[in-house]
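The block underneath contains the structure these notes are about, expressed in structure tokens.
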Amino acid sequence: MPSLKHLKAIVFDWAGTMIDHGSRAPAIVFQEIFRQRGIEITIDQAREPMGMAKREHILAITQMPEVQKKWVERFGRSSADPDVDEMYKQFLPLQKTTLKDHSQMIRGATKAAELCRNLGLKIGSSTGYTKELMTDVSAIAKEQGYEPDLILCAEDAPRGRPAPYLLYEASKRLDVYPMSTIVKVDDTILGVKAGVNAGCWNVGVTRTGNLLGLSSEEVEELTENQLDHMISSVGQQMLDAGAHFIVESVEDIEIALTYFDELLDQGASPNDFTFCSQLITWSNTMSG
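Residue 32 in this note's numbering sits at position 37 of the sequence shown, with consecutive numbering throughout.
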């Protein structure tokens, strides 16, 4: 298999992109830690800040008007930093337990990583999970054949997504530059925005990720029309956030990589909106 001419590295997200179809593990635990305080949050509220570091994610949920209203009704005051700290302490052990059942590689993900390596790409990864959590997750992934060159966690940057710092750190540790030679693959809006802010090429994942939020079994229960409509809606959200290309699953990544490499050969860059406009039209056509 020939190597790509210009692209040098790819950075995959974890939950919803490479493991845990539907990114179920985090959402379940976010709901539980609020439920333990007598506050019910919806699955959509639990998912909305997905992509942030987990403490910031909890804080973002508490700041939602509907959640804050329930908090005041329950406790007679607004939530504060000590409340967020306490929930975060509870989150970690609960998430650690849950992850053992939600670290299965998504179908085709291991082969997608192998493809990238065969194309000559260095393989990085980033996540909102902590290093402690990723110790278990990465070990389970390795047993299934996935071992990226780099794993970056929430502690590896001063701020998480949508800030670009984890991608800058990946560039440094993988010794790859300029940023236009890096592809970011993510299933969250904040992950896509981080890639935009970093100046990378960005691929949004629809069917297996957080925005659709369904297990593989739940996806199979949908009619073709239902699934097409839902994937189209998720894809449009990704494109609106700045994705240059959308795929249903990482198993479809090769066509995006080939096209990005061709664009670079023509002198384009991720920040070239003329080229990106053409690419978005093309990716919409292909995703249908």
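Built from N, CA and C at the ideal position, the CB exists for glycine as well. Fair warning: this is a prediction, and the values are worked out from it, not measured in the lab.
For His1, is the classification buried or exposed, using 16 other Cβ atoms within 10 angstroms of its Cβ as the cut-off for buried?
exposed
Report the option in Arg202, Leu259, Leu206, Ala251 whose CA atom is closest to the CA atom of Leu110.
Ala251
Span of the beta strand (DSSP E) holding Ser120?
117 to 121
Limits of the alpha helix (DSSP H) - the one that Trp66 falls within
60 to 70
Look at the Cβ atom of Ala209, then the Cβ atom of Gly17, and state whether they are nearer than 8 Å.
In the sequence as presented, Ala is not what sits at residue 209; that position holds Leu. Closer than 8 Å, so yes.
Looking at the structure shown, is Val79 part of a helix, part of a strand, or coil, going by DSSP?
helix
For Phe7, which residues does DSSP report across the bridge?
Ser120, Val180
What does the alpha-carbon distance come out to for the pair Asp15 and Gly155?
21 Å
Range of the contiguous beta strand (DSSP E) that encloses Gly199:
196 to 200
Please classify Pro77: is it buried, with 16 or more other beta-carbons within 10 angstroms of its beta-carbon, or exposed?
exposed
In this structure, how does DSSP classify Val242 when only helix, strand and coil are distinguished?
strand
Ala193 and Tyr163 look like a contact to me (Cβ under 8 Å); what is the Cβ gap, rounded to whole Å?
6 Å
Other residues of its chain near Met129: CB distance less than 7 Å, five sequence neighbours each side excluded
Thr122, Ile146, Cys148
Whole angstroms are fine: how far does the CA of Glu43 sit from the CA of Arg30?
Here the alpha carbon of Arg30 sits roughly 17 Å from the alpha carbon of Glu43.
Are any of the Cβ atoms in chain D nearer than 8 Å to that of Cys111?
Absent from the structure: chain D. Only one protein chain is present.
Where Asp45 and Thr183 are concerned, what is the direct C-alpha to C-alpha distance, given to the nearest angstrom?
Sequence check: residue 45 is Met here, not Asp. Rounded to whole angstroms, Met45 to Thr183 spans 6 Å at the Cα level.
Roughly how many angstroms lie between the CA atoms of Glu212 and Met47, to the nearest whole one?
27 Å
Buried or exposed, going by whether 16 or more other CB atoms sit within 10 Å of the CB of Ala134?
Exposed.
Does the distance between the C-beta of Arg19 and the nearest non-hydrogen atom of the ligand GTP fall short of 7 Å?
What this structure holds is no ligand at all, so the ligand GTP is not there to describe.
Quick one: what's got a C-beta closer than 7 Å to Trp66's C-beta in the same chain, skipping five residues either side?
Ile34, Thr57, Ser73, Ser74
Buried/exposed call for Gln261, threshold 16 Cβ in 10 Å
It is exposed - the Cβ of Gln261 has fewer than 16 other Cβ atoms within 10 Å.
Measure the Cβ-Cβ separation of Gln85 and Ile28 and say whether it is below 8 Å.
Inclusion of Gln85 and Ile28 in the CB contact set at 8 Å is warranted, their separation being smaller than that value.
Let me confirm a value: Gly283 is counted as buried when at least 16 other C-beta atoms fall within 10 Å, else exposed. Which label applies?
Any reading at Gly283 must be qualified, since the residue scores a pLDDT of 48, below 50, and its modelled position is unreliable; the value itself is stated next. Counting Cβ neighbours within 10 Å, Gly283 comes out exposed, since fewer than 16 surround it.
According to the Cβ coordinates, are Ser244 and Val198 closer than 8 Å?
no
The alpha helix (DSSP H) spanning Leu169 covers which residue range?
160 to 169
Considering only the beta carbon of each residue, do Gln231 and Leu206 sit closer than 8 Å?
no
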